[in-house]
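What follows is one structure encoded as structure tokens, with my remarks underneath.
Chains as they are written, first to last, in full-length UniProt numbering: chain A, 1 to 590; chain B, 1 to 590.
Encoded structure:
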């Protein structure tokens with residue numbers, strides 16, 4: 001083998017007249033006027049090679065035999081293309097390689113799908129042949145973007161005196177949070193490791209150890225049912241610090257994201273990021289991760305409509321609920337009565353009993369409930385800022401139902417109406433989260449973030465009397481409607497940690513059994529500490545302009561948590577199970 | 001909380017007269033002449049704080065109450081110490097802090113062991129209270145060294161156009177190699193993921209995908225019985241490239257290690273590294289990972305001793321074995337007959353039937369077999385270069401037994417006699433490995449590295465006829481007697497991969513079942529490729545001058561693969577097992 005002198009995609013006029021040696025894949029091969037043209041591809045791009053019959057016979061034979069995806073080594077001279085042959089669409093379109101030698105390094109069968117960015121290929125086929133799918137330039141760019149993000153993050157954190165520290169993947173199952181992936185122990189019969197859902201307690205212990213500033217690009221594992229942007233394993237930019245106030249951690253995070261955006265996309269984003277309280281976010285956007293790239297906020301219309309005769313509104317208000325509206329600008333003509341009926345039906349998944357609407361026309365309000373609202377028509381349109389041609393949509397229900405359904409409707413209509421400026425990157429903080437949520441199914445409070453989150457100091461007395469009113473010293477960073485990450489101050493005193501565990505339902509004994517090592521640690525000189533974790537997959541997805549995190553993971557699992565490439569998970573031998581003291585129990589279903 | 005202005009350990013004369021705010025742990029507290037002296041510690045070091053009774057009452061109270069490992073916030077002025085109070089042993093020994101405020105941020109119980117570098121504490125106690133153990137400066141420095149290595153490696157590889165790519169931790173069990181850690185699938189009853197023993201096949205597939213240059217600081221998992229420097233999970237600097245010859249990969253690795261040594265320890269190591277063939281290493285050092293920091297190589301004395309009357313030597317030679325010796329310089333007086341008997345007994349673990357020896361004196365050879373060797377005395381001492389006062393030790397046995405036993409004896413005596421220059425970092429390559437080893441237990445050939453390693457081209461015909469004679473295109477990098485890593489060219493053609501799998505005992509059907517995805521991939525335009533993996537834990541251990549990798553891992557497991565901190569692995573609920581379609585089978589042993 002001759003040494004490669006450069007990447008195919010990097011050859012330019014600078015190499016004119018030079019001899020280069022390239023190695024790559026045949027993107028396309030064609031005969032034309034007695035010559036053979038080969039588009040040779042590597043990760044950096046494609047270059048055109050011309051092979052003429054006066055080349056050595058073995059090279060001509062190689063050029064003649066090769067087909068798509070053959071691996072070739074080609075040496076040749078870099079020549080300028082004739083002006084009419086210049087291809088402005090190709091980065092290397094001004095030059096071509098006049099081949100002096102062509103060697104086939106490996107053959108290829110016809111690939112199951114073409115290596116083109118635009119292909120529409122079934123997802124499982126893409127994953128089964130992932131090594132071919134990843135040859136598409138867009139996929140290479142996605143993985144490169146992910147790499148760039150990670151290196152930018154590291155260079156920032158290293159510069160801020162952080163240490164990158166590895167924590168165990170073979171850890172212990174804890175009862176809080178999602179379902180654990182378990183790893184049976186061979187040595188300790190009937191005992192199991194758990195793969196970490198996050199390195200939360202380990203990084204807190206590192207603060208107890210005085211490391212002061214920790215980070216890790218950490219793999220995390222959750223055995224949950226999979227949705228669009230969930231994977232059994234995902235990656236987290238995991239950060240923890242001692243002695244810093246929430247504002248300091250937020251400021252660090254902002255600086256880091258500003259650097260990432262600049263270095264990866266050359267986009268300058270403003271900092272500090274806007275801050276919304278959790279309550280403001282829910283009130284105005286019906287979401288704890290608002291997409292602020294467009295308006296159409298949720299407006300409280302109860303003061304206006306409470307005197308009308310529309311029973312649905314009245315009864316919602318009387319039973320302590322809300323009546324809220326969003327105004328879809330110039331959408332009146334775009335949505336038929338049937339469309340709006342369908343939108344209403346979709347909202348039932350959020351618990352909404354219905355969707356009310358009126359169209360604003362030059363002649364007044366229009367639609368099924370227009371007659372009820374006519375008496376307050378002017379007041380209403382002024383209150384919500386609606387103009388002729390706008391569509392006003394109402395939900396009247398309990399506050400959480402109004403938020404969920406109108407929040408979802410806002411996103412749907414914003415997208416459909418083209419209100420979203422896709423060039424924007426709107427980062428923001430959602431702060432002042434509630435510490436706890438009441439879980440109706442479990443009949444107890446659960447931690448809104450995790451049970452190691454510190455309550456806000458002024459709310460401590462409420463822990464006993466009105467836990468649901470306690471605010472957490474917690475903050476989420478949001479980008480374009482996606483939760484990028486969450487941070488908080490952690491509890492660093494045993495007494496308070498015991499109290500919070502008690503509030504979320506742990507008996508004293510359970511608390512010691514599960515978290516005794518943490519409770520003990522807090523008594524040996526634990527510093528005030530806090531940190532944040534950002535979802536790398538999601539960040540990479542957004543920066544690569546994709547809409548599924550699978551597109552920024554080299555080997556993702558499919559919707560059944562399976563890898564079609566090697567069919568993991570697989571069967572194992574009886575001997576392996578015996579070693580682990582396990583037996584598979586066949587289920588009764590089917 | 002006031003913002004910290006700097007680390008305790010960084011305060012110096014530069015801050016004289018300035019006010020600083022420090023946060024840290026009480027290393028020591030003492031009353032002296034009406035003043036309170038506090039040694040305040042953080043990760044960067046220790047500084048002396050002086051509290052005088054004219055400080056605010058709350059501060060005095062805090063200073064008065066605090067004990068070892070309390071967490072304090074102290075503001076004060078940096079003053080020069082009186083010349084007689086300067087402490088040259090302390091980095092901050094020229095200054096002290098005159099406290100203006102002292103706040104207790106958290107209390108501490110008396111720690112189970114003192115935070116001192118020299119403590120002799122039971123290993124399990126250290127791990128149970130790891131968050132305290134890690135407060136010791138040496139442990140912080142170890143973790144920092146590991147961090148520095150990793151960042152140096154990354155900056156090198158990023159500069160060489162490598163992409164850092166994450167591969168799955170939930171992968172599939174394969175029959176080759178060590179025992180897998182398994183992860184039961186909830187969704188697919190009776191199926192299991194396996195945690196990867198290394199990302200070997202994934203990184204090869206990334207080469208198939210055209211990524212060209214991959215690296216990952218990858219966690220690897222092996223469920224093996226643990227020895228001194230083994231852990232259930234360990235970390236590998238994992239590298240793969242396309243189109244590079246072994247020498248190019250070796251040269252890249254050398255550049256990387258030169259950079260690491262310079263940046264982490266400020267040590268300049270020479271490159272290229274020396275190269276020994278596997279055979280030379282075994283012949284001269286009795287080891288495939290020779291420690292070349294001292295001589296005392298294995299010398300073949302068969303030509304000299306074959307004519308003597310010593311039956312043990314004669315029969316070894318006649319049965320096709322070897323007689324080899326090492327010369328321990330000036331060791332004759334240091335080892336009694338009983339010592340040497342004991343050394344001989346230790347060698348039985350390597351299969352050696354005994355150890356023969358003579359002492360060289362001014363009057364000739366001395367010792368039980370001296371009479372047999374007297375006839376060749378001059379020839380022998382000249383042949384092995386022995387002088388008066390030296391001890392010559394012989395093993396006569398099959399070649400592998402001679403190598404293993406004399407190799408081990410050489411290391412033991414080298415250490416005991418102080419022959420090893422501990423300041424040296426001797427990197428070297430061991431090349432031309434055998435492709436296969438015959439496994440007596442399994443009654444078949446097994447891969448010396450792994451079954452994806454490419455045979456050397458000129459040996460391909462031997463694959464059918466004499467597999468044990470085939471050399472691999474494989475190379476190990478060795479540092480001071482430790483295998484740091486292993487690399488190789490990989491097989492990139494289906495036919496050859498099938499052949500090698502067949503030689504190591506796979507039927508055609510098993511090969512397709514287990515490695516069908518790889519075999520298929522090799523047919524779709526797979527480039528020639530190869531790479532290397534270096535053990536990060538071991539590299540960090542050697543650079544931190546430790547002798548166990550536990551000392552460079554934040555949260556290692558103990559010898560029973562357990563973490564005494566949180567008692568992982570632990571029991572899980574019946575419901576978790578039901579979800580996973582599993583039942584624990586109680587073993588019959590007690």
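Just so you know, even glycine gets a beta-carbon here, dropped at the ideal spot from N, CA and C.
- Cβ contact annotation for residue 503 (chain B) (same chain, cutoff 8 Å, sequence separation greater than five): 436, 445, 463 and 467, in chain order.
- Contact residues of the stretch 231 to 260 of chain B toward chain A are 232, 233, 235, 243 and 245 (C-beta to C-beta distance below 7 Å).
- Taking a beta-carbon distance threshold of 8 Å, residue 167 (chain B) counts as an interface residue toward chain A.
- Contact check for residue 136 (chain B) and residue 124 (chain B): beta-carbon distance about 17 Å, past the 8 Å limit, so the pair fails to qualify.
- Counting the other CB atoms within 10 Å of its CB gives residue 359 (chain A) a total of 16 or more, which places it among the buried residues.
- In summary, no residue of the stretch 437 to 452 of chain B has a CB separated from any CB of chain A by less than 7 Å.
- Listed by position along chain A, the residues whose Cβ is nearer than 9 Å to that of residue 492 (chain B) are 71, 105 and 106.
- Between residue 80 (chain B) and residue 16 (chain B), the gap from beta carbon to beta carbon is short of 8 Å.
- Assigned with DSSP and collapsed to three states, residue 220 (chain B) falls in strand.
- Close to residue 489 (chain A), with beta-carbon spacing below 7 Å, lies no residue of chain B; the smallest spacing is near 11 Å.
- Counted as a single uninterrupted DSSP element, the alpha helix (DSSP H) harbouring residue 303 (chain B) occupies residues 302 to 305.
- Linking residue 256 (chain A) to residue 376 (chain A) through their CA atoms gives a straight-line distance of about 50 Å.
- Within the stretch 370 to 454 of chain B, the beta strand (DSSP E) runs of at least 3 residues that lie entirely inside it are, in chain order, 391 to 397, 427 to 431, 436 to 439 and 444 to 447.
- Residue 340 (chain B) does not reach chain A, its nearest Cβ partner there being about 39 Å away, counting only Cβ pairs nearer than 8 Å.
- For residue 328 (chain B), the three-state secondary structure derived from DSSP is strand.
- Of A:43, A:33, A:21 and A:34, the smallest CA-CA separation from residue 27 (chain A) is found for A:43.
- For residue 568 (chain B), the chain A residues whose C-beta falls within less than 8 Å of its own C-beta are 168, 170, 171, 172, 193 and 194, listed in chain order.
- Residue 365 (chain A) sits away from residue 298 (chain A), with the two beta carbons spaced by 8 Å or more.
- In this structure, the alpha-carbon of residue 275 (chain B) lies about 12 Å from that of residue 426 (chain B).
- Taken through DSSP and simplified to helix, strand or coil, residue 230 (chain B) comes out as coil.
- For residue 147 (chain B), the enclosing alpha helix (DSSP H) starts and ends at 137 to 159.
- If the five residues before and after residue 349 (chain A) are omitted, its C-beta is found closer than 8 Å to no C-beta atom of its own chain.
- Using a CB distance cut-off of 8 Å, residue 114 (chain A) does not count as an interface residue toward chain B.
- In chain order, 69, 108, 109, 111, 129, 131 and 132 make up the part of chain B whose C-beta sits under 8 Å from the C-beta of residue 524 (chain A).
- Taking the CA atoms as reference points, residue 562 (chain A) sits about 6 Å from residue 568 (chain A).
- With its beta carbon at least 8 Å from every one in chain A, residue 357 (chain B) lies outside the interface.
- Chain order gives the chain B residues near residue 571 (chain A) as 190, 191 and 192, where near means a beta carbon separation below 8 Å.
- When 8 Å is used as the limit between beta carbons, residue 164 (chain B) is near these residues of chain A: 147, 150 and 151, in chain order.
- Its Cα nearest to that of residue 33 (chain A), the residue A:51 stands out among A:24, A:522 and A:51.
- The C-alpha of residue 131 (chain A) lies about 30 Å from the C-alpha of residue 576 (chain A).
- For residue 278 (chain B), none of the residues of chain A pass the 9 Å Cβ criterion, the least Cβ distance being about 24 Å.
- The beta carbon of residue 543 (chain B) is closer than 7 Å to those of 145, 149, 264 and 265 in its chain, skipping five residues each way along the sequence.
- Interface with chain B (8 Å Cβ-Cβ cutoff): residue 585 (chain A) is included.
- For residue 284 (chain A), the uninterrupted alpha helix (DSSP H) segment begins and ends at 278 to 285.
- For residue 251 (chain A), the enclosing alpha helix (DSSP H) has its first and last residue at 246 to 260.
- According to the DSSP secondary-structure assignment, residue 60 (chain B) is paired through a beta bridge with no residue.
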